[in-house]
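Step one of this worksheet: look at the structure below.
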Amino acid sequence: MKNILIIGATGQIGSELTMKLRKEYPAGNVVCGYIKGAEPKGALLESGPAEEVDITSPQMIADAVEKYNIDTIYNLAALLSAVAESRPQLAWKIGVGGLYNCLEVSREKGCALFTPSSIGSFGETTPHIKTPQDTIQRPDTIYGVTKVTGEMLSDYYARRFGVDTRSVRFPGLISYVAPPGGGTTDYAVDIYYSAVKGEKFKCPLKPGTFMDMMYMPDALRAAVEIMEADPSRLKHRNSFNIASMSFDPEIISAKIKEYVPGFEMEYELDPLRQAIADSWPDSLDDTCAREEWDWKPQYDLDSMTEDMLKNLRIKFGIAEPAMA
Ligand code: SER
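Going by my numbering, the first residue of the sequence shown is number 165, and it counts up by one from there.
Have a look at this one:
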């Protein structure tokens, strides 16, 4: 029986992953860990237990693990790439200090631990096309530095102390539920909001900027499946490349136009985000995840676009535009 603590449960991934885990396991066994100022609301609050757990406090993590007899921790606390550049010390404190706290509690209490890594763990010197699972990781951002450190520290704890640490490298995640905030891939979420609201989209990245992206339902499934995977098949742990689609602003904009003919986009470049995006891979090779735990995405750009637009229209009570 799994008793799960999600740290950062009210964030972009956590708010949806918590609800999914409460469907997969008894809802009362899935604890929503939040920080002051980001308390859970609505269904997230009502569907199961919630506890204040600040990842920078090892005591708070240990107390929650003790109180709920936790055997699995999902560590989702992080600052995304662009915002981390404005607060690098805090990014390290949460990304590395916070992970260290989770690892130590997991070692002492025998918990399994999931901590996402990212396409941001790669850098300028990484092969950018079909980036291999095992390759150069010399990221140029503090976000990437925390992710690579996290991958290595998690593998060390698995090897040295037998802690069951597992991870995937998430691409840019696209969802209509909780906005990302502060990432380099956020434009691929914002563009759908503009399209549905009938606004012209100002794109912060230039044409030809390819990055891996993924629809949230696939990302959530990956997080659950990697923790359920048969450990005897895993040659890797921290962290698996996973992929489903790669596009640039021109491709996603053209796809949206198929569904929203009047949609318009113009470029208003953000030099920080452009530099970060240029240092990241164009597309990842996820062969190892497919071979070692049967990873397979379900959504492509077309099916994601249809679902995003449909759900954002419902969210904002906006009628579908008449097709030309
Ligand atoms: N979505 C993240 C970001 O843009 C990358 O993992 O920072």
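Cβ coordinates follow ideal geometry from the N, Cα and C atoms, glycine included.
May I ask whether a heavy atom of the ligand SER can be found less than 6 Å away from the beta carbon of residue i?
{"i": "residue 267", "result": "no"}
{"i": "residue 244", "result": "yes"}
{"i": "residue 282", "result": "yes"}
{"i": "residue 348", "result": "yes"}
{"i": "residue 172", "result": "no"}
{"i": "residue 206", "result": "no"}
{"i": "residue 336", "result": "yes"}
From the DSSP output, read off the bridge partner residues of residue i.
{"i": "residue 378", "result": "337"}
{"i": "residue 431", "result": "367"}
{"i": "residue 325", "result": "Answer is none; residue 325 lacks a bridge partner."}
Give a yes or no on whether the C-beta atoms belonging to residue i and residue j are separated by under 7 Å.
{"i": "residue 275", "j": "residue 234", "result": "yes"}
{"i": "residue 197", "j": "residue 215", "result": "yes"}
{"i": "residue 232", "j": "residue 260", "result": "no"}
{"i": "residue 279", "j": "residue 314", "result": "yes"}
{"i": "residue 485", "j": "residue 424", "result": "yes"}
{"i": "residue 561", "j": "residue 310", "result": "As displayed, the chain neither begins before 165 nor continues past 488, which places residue 561 out of reach and without an answer."}
{"i": "residue 457", "j": "residue 375", "result": "no"}
{"i": "residue 413", "j": "residue 344", "result": "no"}
{"i": "residue 429", "j": "residue 330", "result": "no"}
{"i": "residue 440", "j": "residue 245", "result": "yes"}
{"i": "residue 292", "j": "residue 446", "result": "yes"}
{"i": "residue 394", "j": "residue 462", "result": "no"}
{"i": "residue 285", "j": "residue 327", "result": "no"}
{"i": "residue 335", "j": "residue 377", "result": "yes"}
{"i": "residue 270", "j": "residue 277", "result": "yes"}
If you reduce the DSSP assignment to three classes, tell me which class residue i lands in.
{"i": "residue 255", "result": "helix"}
{"i": "residue 331", "result": "coil"}
{"i": "residue 424", "result": "coil"}
{"i": "residue 293", "result": "coil"}
{"i": "residue 367", "result": "strand"}
{"i": "residue 372", "result": "coil"}
{"i": "residue 195", "result": "strand"}
{"i": "residue 440", "result": "helix"}
{"i": "residue 475", "result": "helix"}
{"i": "residue 286", "result": "coil"}
Taking just the CA atoms, how far does residue j sit from residue i?
{"i": "residue 243", "j": "residue 346", "result": "7 Å"}
{"i": "residue 174", "j": "residue 339", "result": "14 Å"}
{"i": "residue 229", "j": "residue 188", "result": "20 Å"}
{"i": "residue 415", "j": "residue 401", "result": "33 Å"}
{"i": "residue 359", "j": "residue 373", "result": "20 Å"}
{"i": "residue 396", "j": "residue 182", "result": "27 Å"}
{"i": "residue 324", "j": "residue 403", "result": "17 Å"}
{"i": "residue 316", "j": "residue 409", "result": "27 Å"}
{"i": "residue 432", "j": "residue 257", "result": "32 Å"}
{"i": "residue 452", "j": "residue 459", "result": "9 Å"}
{"i": "residue 248", "j": "residue 305", "result": "8 Å"}
{"i": "residue 350", "j": "residue 357", "result": "11 Å"}
{"i": "residue 362", "j": "residue 468", "result": "19 Å"}
{"i": "residue 179", "j": "residue 201", "result": "15 Å"}
{"i": "residue 488", "j": "residue 418", "result": "Here residue 488 scores only 48 on pLDDT, less than 50, and its place in the model is too uncertain to base an answer on."}
Taking only beta-carbon positions, decide if residue i is within less than 7 Å of chain C.
{"i": "residue 270", "result": "Here there is only one protein chain, and chain C is not present."}
Is residue i near the ligand NAD, judged by its Cβ being under 6 Å from some heavy atom?
{"i": "residue 237", "result": "Among the ligands in the structure shown, the ligand NAD does not appear; only the ligand SER can be found there."}
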